[in-house]
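Here is the structure we will look at, set down as structure tokens.
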Amino acid sequence: MAPKSVEPGRTPLPRGIAAPARRALAHAGVETLEQVVAMGGRVLAGMHGICPRTLAQLEDALDERGLELPAG
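In this text, residue positions in the sequence shown follow the working numbering: the first is 417, and each later residue adds one.
What follows is the structure, encoded as structure tokens:
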């Protein structure tokens with residue numbers, strides 16, 4: 417299934433992310449995959465509420481859209 421077309425820079429977070437992770441991201445002001453990329457993997461992994469499963473879900477969603485989570 418092809419990803420839905422969205423406005424560039426406004427790709428919503430994937431569905432299925434656990435509620436604690438959604439709350440942590442919302443608290444940090446993160447609403448889009450592009451904001452996840454800007455945050456960086458190290459910061460994201462250190463956030464309370466972000467588990468390895470959530471990181472994998474985000475990385476899969478980024479990969480589908482040709483984006484990559486930087487290590488920093």
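Glycine residues also receive a C-beta, built at the ideal position from the N, C-alpha and C atoms.
- A direct Cα-Cα distance of roughly 11 Å separates residue 472 from residue 485.
- The C-beta distance from residue 449 to residue 441 rounds to 11 Å, too long to meet the 8 Å contact threshold.
- In the three-state reduction of the DSSP assignment, residue 430 falls in the coil class, being assigned neither a helical nor a strand state.
- If you check the CB distance, residue 458 and residue 487 come in under 8 Å.
- Within the same chain, and ignoring the five residues on either side of residue 426 in sequence, the residues whose Cβ sits closer than 7 Å to its Cβ are 448.
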